[in-house]
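Letter by letter, the sequence shown follows residues -6 to 164 in the numbering used here.
Working notes for the structure below.
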Amino acid sequence: MQDPNGFIDEKVESRLYIGNLDLRITEAALIKMFSPYGNIVSEDFLWHTRGPKRGEPRGFAFIQFSNKEEAKLAKEKMHGRLACGRPLVVRLASEKHLEEAAHNSSRAVGEMTKTGIVGGTSGQMSRSAKIAAIKNKLRTLEEESSSMKKQKQAGTISCNNRVDHTSVKRC
């Protein structure tokens, strides 16, 4: 999001990603929470558009402030703050994008090197390496499945379906 001269766009630096939103938080409530920190230019509250959750909130949003100072202040004050019992994740939208890209690329490289399936100079897996990786994954899944069956037969798995309503706070 840099211009040809290497400067980062002011609009990008003043846009916040807000994550870990409780599904009960509305657009109006979100704007009300962030408006004390500056002039909100726009707000994008994301919704599921298809599937069984269609029409439900996705649990994150973006807020655009008029300048980067307001956005940084809101980030400092709101990151980690509890909203409906959940800590908000507030980052500059550009940080979120960069962090996800770094996480995804490092995870993919880590998985490939961990299983030893990188082959050749192009970084692609050979056919035999793919087969070996699939066999290893299948073996792991079968072992997990058999250990779960043994635990069920032994009666070591216990489920607590009781909900403690005294600790639930309403928004």
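All residues carry an ideal CB built from backbone N, CA and C; glycine is no exception.
Endpoints, beta strand (DSSP E) assigned at residue i
i, result
"I18", "It is not in any beta strand (DSSP E) - I18 carries neither H nor E in the DSSP assignment."
"E69", "Element bounds for E69: not the beta strand (DSSP E) but the alpha helix (DSSP H), 61 to 71."
"Y10", "8 to 12"
"S28", "Run containing S28: none; DSSP gives neither H nor E here."
"R185", "This structure does not reach residue 185, given that the chain is present from -6 up to 164, and the question cannot be answered."
"R84", "82 to 85"
CA nearest to the CA of residue i, picked from the options
i, options, result
"A64", "A22, S138, R8", "R8"
"R51", "T19, I24, F58, I127", "T19"
"L66", "N129, I33, D37", "I33"
"L85", "I124, F58, C77", "F58"
"A21", "E135, E36, R132, E88", "E36"
"R17", "A76, E136, T133, G31", "A76"
Alpha-carbon spacing of residue i relative to residue j, whole angstroms
i, j, result
"W40", "K70", "25 angstroms"
"K128", "M118", "15 angstroms"
"S28", "V82", "17 angstroms"
"K4", "K61", "8 angstroms"
"I24", "P80", "17 angstroms"
"S138", "P45", "28 angstroms"
"A122", "E136", "21 angstroms"
"E6", "E88", "9 angstroms"
"R132", "R43", "35 angstroms"
"M26", "K130", "46 angstroms"
"G12", "A126", "35 angstroms"
"R120", "Y30", "55 angstroms"
"L134", "I124", "15 angstroms"
For residue j and residue i, believed in contact at Cβ under 8 angstroms, the rounded distance
i, j, result
"Y10", "F38", "The pair is not a contact, with the Cβ atoms about 12 angstroms apart (cut-off 8 angstroms)."
"G73", "D15", "15 angstroms between Cβ atoms; not a contact."
Where residue i falls, given that 16 or more other Cβ within 10 Å makes a residue buried
i, result
"I56", "buried"
"K68", "buried"
"G48", "exposed"
"V102", "In this prediction, V102 has a pLDDT of 48, which is less than 50 and means its spatial position is unreliable; what the coordinates show is noted afterwards. By the 10 Å Cβ count, V102 comes out exposed."
Chain C contact for residue i (CB, 9 angstroms cutoff)
i, result
"A86", "Absent from the structure: chain C. Only one protein chain is present."
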